[in-house]
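Residue numbers (my numbering), protein chains in the order written: chain A, 3 to 507; chain B, -1 to 147.
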Amino acid sequence: MDWTLLLAGFGKVMLNPINFVFVFIGVVAGIIVGALPGLTATMGVALLIPFTFGLDPIQGLVMLIGLFTGGIYGACISSILLGIPGTPAGAATLLDGYTMNKQGQAGKAMGMAVIASWFGGTIGALVMTFASPQIAKVALKFGPPEFFSLAFFGLGIIITISGKSILKGLISGIFGLMLTVVGFDPLSGAPRFTFGSRELLGGISLIPALIGLFGYSQVFKEIEKILILPAVKTELKNLIPKLSEIKSVLKTMIKSSLFGVFIGSIPGTGTDIAAFVAYGEAKRASKHPEKFGTGILEGIAAPESGNNACAGGAMVPMLTLGIPGDAVTAVLLGALTIHNFQPGPMLFRDHPEIVYPIFAAMILSQFVMLFVGLAGARYFARLINIDRRILTPVIFLLCVVGSYAMRFSFFDVGISLIIGIIAYFMYYYEYPGSPILLSIILGPMVEQNLRRSLIISHGDPAIFFTRPISASFIFIGLFIMITSYFRVKKAMDREAEAASLRKQE
Amino acid sequence: MKNVDIGVGVGLLTLSSSLFWCAGNFKDLTVHGYGPDLFPRILAVFMSFLAILLIINAFLGKSLKKEDHIDPRGFLRVLVAIGICIVYLVLVNLLGFATSTFLFLFVLMALLKQKRIILRIIASVTVSIIVWAIFRYFLVIPLPEGLLI
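Next up, the structure:
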């Protein structure tokens, strides 16, 4: 751990007041995006990236990190007030949060959620700050075979994020990899699948693809359905919980945060899983598990500290190895790449001036979230009522502008629209979008390192198995794939069984 | 979803075989045996395998049941919205960013049945001016210019 670098990073972020403004903008935007059902932090980050192009990289990144932080917390607002989670991350908070709202304690529930989110988020950010440099140091010794195995391991995550059908998740994944072979081949310089188009020589750019997958597709869904939500009229009172109440949930918050960081650091798991695991564990360990779900503070403290801590954990493999833990960190990885910083061990060696400010921003954004969350709770509660017939066209516009601004290219807008239309249909036919994103990020890493390794070994694939680190990644990857295959399959079977039972009734 | 699965399966098989075949044309550029055609071909093989599995599953009646349906009238609205977007992309070079953005937002809000015209005008004017100003003065990213701003 290099303390001077860490202090310099903190100084860079904290001593410049303009960074506070950007973190603030990010956190507020994140809370709004998180609170509005249907809009996700992933989409928020994807749409905000174009607004960072003209900015200093640090300012852009602190804003995106603020959005990431705010987005996870924001999900609980609509969970508590509407009984509809803003994003899947807030689904576990609904159980006790919405019940408390019905009992007239919405204010207290919101206050507890902010404090638990801040607590979990800060623990997550601290773990990330201190663990990442160590992991990066080990990863510096990796060669092409190790990076191939690592990317292979990363792609193994596709099985866990496949949704209802593993087969369809894999199809999405391979489709995403196919998109990455368009354009110049980085090793030989040969143009591939460009069909004579000059615009395709550089390949399909990440931002238009992201906006298509997570922006346009959502806009089309909203235009099709015109979502009208019940209006929130709840008055928020007594936002700040009593000290004794905070004390009573402190143990739960510490445990849930640690669970959250750990879950976050495993690629393929996300904030929603962290929230449910933390909730389940708090219930299991509690002396009065029957009270969970009846509107108790612990039922809010556990998932909220769990999912916010998960964010810090998910940043660790993304920053140190270049393997995103979930969809949001995959988009953040894209944001770093666009500012010419390739996440991975080299980032820590070559660009400490960018890594340490990221840590500082992550910690700073927790405090800004605490402040904004408590001070602005009443306004955010009103914002849920925003008219979607006005909001959807604005998001549509941001998608168009965002896909254009990367290269000032109408061609990119077209590509993005096409990907958006494909993603819209994919949703209805149960093909998940996240594996495509993961593949687009990991594709070039898989291909280049596969070929480099085979050139080194003169075509002998044993190179991946004879080097210990590489072999262990492959085996862990296979292990995760096989176990998650059975886990996902079991869950699906159970669901199918429950569905047929319901039918019989 | 049986028929859709079979259709998608056949489509993916066609895609992967053309990918495999097209990749053959890169071969001449290969220097060391692991050229630009290697990875696309591996992907094509994997994809064909998955596509065949999808088709077999569909014939065995193992397709997923559709839970959420596309609403036909809503879908028509999506098509109209895409049309509006294409017109917007043409107009933006003729009229300039701010003006055409205002029209784009105004028409889309009407399509989504926001009936209060004053609200539509205020919202579209404000948003188009804010976005234009952010890009023009704050981020200094060039936007298309036309007859107007």
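Virtual Cβ for every residue (Gly too), placed ideally from N, Cα, C.
If you're wondering where the values come from, they're calculated on a predicted model, not measured in any experiment.
1. List the residues of chain B that D187/A touches, going by C-beta distances under 7 Å, in chain order.
2. Run through chain B and tell me which residues come within less than 9 Å of L452/A, C-beta to C-beta.
3. So is Q220/A buried or exposed if we call it buried at 16+ other beta carbons inside 10 Å?
4. Quick check on L203/A: buried or exposed, where buried means 16 or more other Cβ atoms within 10 Å of its Cβ?
5. How big is the Cα-Cα spacing for L238/A and G282/A?
6. Going by CA-CA distance only, name the one from P470/A, S207/A, L452/A that's closest to D462/A.
7. Closest to C20/B by CA distance: which of A31/A, F195/A, L69/A, Q107/A is it?
8. Spell out whether any CB of chain A is found under 8 Å from the CB atom of I54/B.
9. So, is the C-beta of K111/B closer than 8 Å to a C-beta in chain A?
10. Taking Q136/A as part of the alpha helix (DSSP H), name the residues at either end of that continuous run.
11. Given that T99/B touches chain A, what residues does it touch there, using C-beta distances under 7 Å?
12. May I have the straight-line CA-CA distance separating D414/A from S207/A, to the nearest angstrom?
13. Suppose you measure from the CA of L49/A to the CA of F410/A; what does that come to, to the nearest Å?
14. Taking 8 Å as the threshold (beta carbon to beta carbon), is I302/A in contact with chain B?
15. Please list the terminal residues of the continuous alpha helix (DSSP H) segment that includes G7/B.
16. Give the DSSP-derived three-state secondary structure of G336/A in the structure shown.
17. Going along the chain, which unbroken runs of the alpha helix (DSSP H) with 4 or more residues stay wholly within the region 85 to 134 of chain B?
18. Which residues of chain D have a Cβ atom closer than 9 Å to the Cβ of R75/B, listed in chain order?
19. Does any CB atom of chain A fall closer than 8 Å to the CB of L48/B?
20. Leaving out five residues on either side along the sequence, give the residues of the same chain with a beta carbon under 8 Å from the beta carbon of I119/B.
21. At least one CB of chain A closer than 8 Å to the CB of L89/B: is that the case?
22. Which of helix, strand or coil does DSSP assign to R409/A?
23. Compare the C-alpha of F26/A against each of I67/A, F53/A, L8/A and name the closest.
24. Closer than 9 Å, Cβ to any Cβ of chain A: which residues of the region 121 to 138 of chain B, in chain order?
25. G81/B bridges to which residues according to DSSP?
26. Is the CB-CB distance between A304/A and S258/A below 8 Å?
27. Report yes or no: is there a C-beta of chain B within less than 8 Å of the C-beta of D4/A?
28. Quick one: which unbroken alpha helix (DSSP H) runs of 4-plus residues sit fully inside the region 14 to 63 of chain A? Chain order, please.
29. Closer than 8 Å, CB to CB, is A407/A near chain B or not?
30. What are the residues in the region 149 to 179 of chain A lying within 7 Å of chain B by C-beta distance?
31. Going by C-alpha to C-alpha distance, which of L141/B, V138/B, G81/B sits closest to F398/A?
32. Residues of chain A with a CB under 7 Å from the CB of L106/B: which are they?
33. Distance, Cα to Cα, I213/A vs K244/A?
34. Taking the alpha helix (DSSP H) that I442/A falls in, what are its first and last residues?
35. Chain A beta carbons: is any one of them nearer than 8 Å to that of F57/B?
36. Distance, Cα to Cα, I53/B vs L157/A?
Well, looking at it:
1. On the first sequence, position 185 is the one that residue 187/A refers to. P34, listed in chain order.
2. Translated into positions along the first sequence, residue 452/A becomes position 450. Chain B residues near L452/A: Y32, L36, F37, I40.
3. Within the first sequence, residue 220/A is the residue found at index 218, counting from 1. Looking at its Cβ environment, which holds 16 or more other Cβ atoms inside 10 Å, Q220/A is buried.
4. Reading the first sequence from its first residue, position 201 is the one you call residue 203/A. Counting Cβ neighbours within 10 Å, L203/A comes out exposed, since fewer than 16 surround it.
5. Indexing the first sequence from 1 puts residue 238/A at position 236. Indexing the first sequence from 1 puts residue 282/A at position 280. Going from the Cα of L238/A to the Cα of G282/A covers about 28 Å.
6. On the first sequence, residue 462/A is found 460 positions in, with the first residue counted as 1. It is L452/A whose Cα lies nearest to the Cα of D462/A.
7. Your numbering for residue 20/B matches position 22 in the second sequence. Ranking the options by Cα distance to C20/B, first place goes to F195/A.
8. Locating residue 54/B in the second sequence gives position 56, counting from the first residue. Not one chain A Cβ lies under 8 Å of I54/B.
9. As a position in the second sequence, residue 111/B is number 113, starting the count at 1. Yes, because at least one Cβ of chain A sits closer than 8 Å to the Cβ of K111/B.
10. If you number the first sequence from 1, residue 136/A lands on position 134. Counting along the chain, the alpha helix (DSSP H) containing Q136/A begins and ends at 108 to 141.
11. In the second sequence, counting from the first residue as 1, residue 99/B sits at position 101. Going along chain A in sequence order, the residues near T99/B (Cβ under 7 Å) are L399.
12. Numbered from its first residue, the first sequence carries residue 414/A at position 412. Numbered from its first residue, the first sequence carries residue 207/A at position 205. D414/A and S207/A: Cα-Cα distance of roughly 8 Å.
13. Numbered from its first residue, the first sequence carries residue 49/A at position 47. Numbered from its first residue, the first sequence carries residue 410/A at position 408. Cα to Cα, L49/A sits roughly 15 Å from F410/A.
14. Reading the first sequence from its first residue, position 300 is the one you call residue 302/A. So, not an interface residue.
15. As a first step, residue 7/B must be located in the second sequence, where it is residue number 9. That run of the alpha helix (DSSP H) goes 0 to 21.
16. Translated into the one-based positions of the first sequence, residue 336/A becomes position 334. If DSSP states are grouped into helix, strand and coil, G336/A belongs with the helices.
17. 95 to 109, 115 to 131
18. In the structure shown, chain D cannot be found, because the protein chains are A and B.
19. Start at 1 with the first residue of the second sequence, and residue 48/B comes out as number 50. So yes, L48/B belongs to the interface.
20. Along the second sequence, one-based indexing puts residue 119/B at 121. These residues qualify, in order along the chain: F104.
21. Numbered from its first residue, the second sequence carries residue 89/B at position 91. Output row for L89/B: interface = no.
22. Position 407 of the first sequence, counted from the first residue, corresponds to residue 409/A. DSSP places R409/A in coil when its eight states are reduced to three.
23. Translated into the one-based positions of the first sequence, residue 26/A becomes position 24. Taking only the C-alpha atoms, the option nearest F26/A is I67/A.
24. A121, S122, V125, S126, V129, I132, F133, F136, L137, V138
25. The residue given as residue 81/B occupies position 83 in the second sequence. Looking at the DSSP assignment, G81/B forms no beta bridge with any residue, so it has no partner.
26. Numbered from its first residue, the first sequence carries residue 304/A at position 302. Numbered from its first residue, the first sequence carries residue 258/A at position 256. Yes, the Cβ-Cβ distance between A304/A and S258/A is below 8 Å.
27. For the purposes of this step, residue 4/A is taken as residue 2 along the first sequence, with counting starting at 1. So no, D4/A is outside the interface.
28. 19 to 37, 43 to 50
29. Here residue 407/A is taken as the residue at index 405 of the first sequence, counted from 1. Output row for A407/A: interface = yes.
30. K166, S167, L169, L172, I173, I176, L179
31. Translated into positions along the first sequence, residue 398/A becomes position 396. Comparing Cα positions, the closest option is G81/B.
32. In the second sequence, counting from the first residue as 1, residue 106/B sits at position 108. The contacting residues are P395, F398.
33. Here residue 213/A corresponds to residue number 211 of the first sequence, with the count starting at 1. Here residue 244/A corresponds to residue number 242 of the first sequence, with the count starting at 1. About 43 Å.
34. Sequence index remark: in the first sequence, residue 442/A carries index 440 (1-based). Taken as a continuous stretch (DSSP letters only), the alpha helix (DSSP H) holding I442/A covers 436 to 458.
35. As a first step, residue 57/B is located in the second sequence; it is residue number 59 there, counting from the start. By this cut-off, F57/B is not an interface position.
36. Walking along the second sequence from the start, residue 53/B turns up at place 55. Walking along the first sequence from the start, residue 157/A turns up at place 155. Those two C-alpha atoms are separated by around 24 Å.
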